[in-house]
Amino acid sequence: MDSNEFHKWLIESFGEEGGKMAWEQFSSLPDSIKDELLSQSHLPSPSEMRKIYSAFQAAGQEGQEDKGAVNQPLITQMALKTAEEKHFKNTISALQFDRLSQATSSANLWLDSASSTLPLPEKTKILTPRQWTEGSVKAWTSLVTPMAQAMQEAATKYFMQLGNWDYEIFAGGIPLPGINADRQSVIRSVVKTNFAIQLGSAIGEMSILTLASFDYGVRTIGGKAGALIAENLDAFAQDTQLPKEEVYAFYALREMAYARLYNSAPWIEGQICTLVYKYSRDMDLGNYDTTPDFSSVDFMNPSGLSNLVNLSTFKTKDTEEQKKAKESLQRLLTLVESWVDCVTWRAGSAFIPHISELREMMRRRRAEGEMTGKVLAKLMGLGLDPKYLREMCAKWDKLSGNVEERDKLWSHPRLLSKVDGKEDDGDNGNDWDLDFTNLFKD
15 MDSNEFHKWL IESFGEEGGK MAWEQFSSLP DSIKDELLSQ SHLPSPSEMR KIYSAFQAAG
75 QEGQEDKGAV NQPLITQMAL KTAEEKHFKN TISALQFDRL SQATSSANLW LDSASSTLPL
135 PEKTKILTPR QWTEGSVKAW TSLVTPMAQA MQEAATKYFM QLGNWDYEIF AGGIPLPGIN
195 ADRQSVIRSV VKTNFAIQLG SAIGEMSILT LASFDYGVRT IGGKAGALIA ENLDAFAQDT
255 QLPKEEVYAF YALREMAYAR LYNSAPWIEG QICTLVYKYS RDMDLGNYDT TPDFSSVDFM
315 NPSGLSNLVN LSTFKTKDTE EQKKAKESLQ RLLTLVESWV DCVTWRAGSA FIPHISELRE
375 MMRRRRAEGE MTGKVLAKLM GLGLDPKYLR EMCAKWDKLS GNVEERDKLW SHPRLLSKVD
435 GKEDDGDNGN DWDLDFTNLF KD
């Protein structure tokens, strides 16, 4: 391609005025860059370039207007778009609502004999998959905001240190009219956009797996009493060929157990946020297990921009502090889940004939990674050990001779060593009761 053909291509891509600006930028490039561009055998079509141009314009505009670490509207949009691909009915019949409401009422009565935690005055919500997806975005966003911030800073720093990144990164060196200023803001916004797209997609993928709001060990929906996802519970009952009423009762018990524990020991949720923050603050792209290869990202293709930061491959080697934070978080989530498992079993065994099968199915789902949560699994490599879960459940069961004394162990995190015999090195003992929830909101 000669310079005249390239000039014509710029005008077709960006219009008369934009093409003129791009040509002036092209003319000011070093000869080596100009020769490389003109020697390319294939350039994107003008329509593809317009998509790239629009993406960079939007990223640059967002960088000027929005200083937050996460783009919550985009996360919501992607979560709902992904969830819609699951072809949910997103309706709740009067019969479903009545049966699930009765299940939660019964669950609270049964729990009174198995736990000293108090019932909640609020009613458990009955939701559609869409309602859970849309409502959970705020909780997930609040939880991972420190990681989003750390990832943006690390990625921006990394790309700024690359040689000649002005030409190598942005659209393969093709000049984009008006995208000269503040390239750092643009790359930060592109990373932020990619993070939002992939986080939203992960939440949307979870919409078909989620049966209750505490399935992942964290509160994913507003309200103290949790929520049950009617359509997903019906699908689960059909797949397992177990009575629907028993499925309702089992998951209502689990949800009530989680809700009552978190209400009686509010430090748990604050500590989860604290540990995610501790993990995030040491994130550094210069600490890769292996050297990252960003050359595989196709910057000449609009869809290639979405691969700039891939949450499934964007892994660094954990520092010692990060390892401690992750181990502490895994320990805390395991102790909570095993307590819920123990209490659910003791409260429901006299009322749910197939509780053994339901309990084993829950454990299998967790062992297969379904219940870790795609968000924390992708961002932190977080997973709960099935064997350790069973061991902790057995220990909680042994302590259940005196239910009140057992549940008092949740009054302070240091008392949990009486369950697993471990001292939590990830907690310095001074910040366990700090409420970081508002700090992490955008």
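Straight run, no breaks: the sequence shown in the working numbering ends on number 456. Glycine residues also receive a C-beta, built at the ideal position from the N, C-alpha and C atoms.
Worksheet entry | Chain-order list of residues whose beta-carbon lies under 8 Å from that of N178 (same chain, five-residue window excluded) | Low confidence applies here, because N178 scores a pLDDT of 49, under 50, leaving its location unreliable; read the following figure in that light. Apart from sequence neighbours up to five positions away, no residue of its chain approaches N178 with a beta-carbon distance below 8 Å.
Discussion item. Is it buried or exposed, G231, if we count other Cβ atoms within 10 angstroms and call 16 or more buried?
Written reply: Residue environment for G231: buried (at least 16 other C-beta atoms within 10 angstroms of its C-beta).
Discussion item. Using 8 Å as the threshold, is the C-beta distance between R144 and A97 below it?
Written reply: Their beta carbons are under 8 Å apart, which means R144 touches A97 by this criterion.
Worksheet item: At what residues does the beta strand (DSSP E) containing I140 begin and finish?
Response: According to the DSSP assignment, I140 belongs to the beta strand (DSSP E) that extends over 139-141.
Worksheet item: Around the C-beta of T138, are 16 or more other C-beta atoms found within 10 angstroms, so that it is buried, or is it exposed?
Response: By the 10 Å Cβ count, T138 comes out buried.
Discussion item. For T105, count the other beta carbons within 10 Å of its own beta carbon; 16 or more makes it buried, fewer makes it exposed. Which is it?
Written reply: With fewer than 16 Cβ atoms within 10 Å of its Cβ, T105 is classed as exposed.
Worksheet entry | For A239, the three-state DSSP class (helix, strand or coil) | A239 carries a coil assignment under DSSP once its states are collapsed to helix, strand and coil.
Discussion item. In whole angstroms, give me the CA-to-CA distance for F28 and Q39.
Written reply: F28 and Q39: Cα-Cα distance of roughly 13 Å.
Worksheet item: Can you tell which of K338, R268, L413 has its C-alpha closest to the C-alpha of L225?
Response: When only C-alpha atoms are compared, the closest one is R268.
Worksheet item: What's the gap between the Cα of S294 and the Cα of T348?
Response: Roughly 21 Å separates the two Cα atoms.
Discussion item. So for A226, helix, strand or coil by DSSP?
Written reply: In the structure shown, A226 sits in a strand (DSSP, three-state: E or B).
Fill in: Contact set for S414: own chain, Cβ-Cβ below 7 Å, skip 5 residues either direction
Within the same chain, S414 has close Cβ partners C356, R360, R420.
Worksheet item: Out of curiosity, what's the CA-to-CA distance linking L57 and A162?
Response: Counting only the Cα atoms, A162 lies some 33 Å from L57.
Worksheet entry | Endpoints, alpha helix (DSSP H) assigned at F102 | Where F102 is concerned, there is no enclosing alpha helix (DSSP H), given that its DSSP letter is neither H nor E.
Item to complete: Ignore the nearest five residues each way along the sequence and tell me which others in L125's own chain have a CB closer than 8 Å to its CB.
Response: The answer, listed in chain order, is T131, P133, L267, M270, A271, R274, V357, A361.
Worksheet item: I243 and W146: beta carbons closer than 8 Å?
Response: In this structure, W146 lies closer than 8 Å to I243 by Cβ.
Worksheet item: By DSSP, does I25 sit in helix, in strand, or in coil?
Response: It is helical.
Item to complete: Figure out for me which residue from E148, K100, L51 has the closest Cα to the Cα of P87.
Response: Looking only at E148, K100, L51, the smallest Cα-Cα distance to P87 is reached by E148.
Worksheet item: Is S352 closer than 8 Å to L403 when the C-beta atoms are compared?
Response: Yes, they are a contact pair.
Discussion item. Please tell me whether L256 and I89 are closer than 8 Å, where the distance is taken between their beta carbons.
Written reply: Against a cut-off of 8 Å, the Cβ pair of I89 and L256 comes out as no contact.
Worksheet item: Relative to the alpha-carbon of Q336, which residue among M297, L51, E437 has its alpha-carbon at the smallest distance?
Response: Scanning M297, L51, E437 for the CA closest to the CA of Q336 turns up M297.
Worksheet entry | Other residues of its chain near R64: CB distance less than 8 Å, five sequence neighbours each side excluded | These residues qualify, in order along the chain: S27, F28.
Worksheet item: Which one of K100, S41, D253, I286 has the shortest CA to CA distance from S156?
Response: The closest CA to that of S156, considering only K100, S41, D253, I286, is found on I286.
Item to complete: Entirely within the stretch 120-160 and at least 4 residues each: give me those alpha helix (DSSP H) ranges in chain order.
Response: Whole alpha helix (DSSP H) segments, 4+ residues: zero.
Fill in: Rounded C-alpha distance that separates F250 from E260
So the alpha carbons of these two residues sit roughly 11 Å apart.
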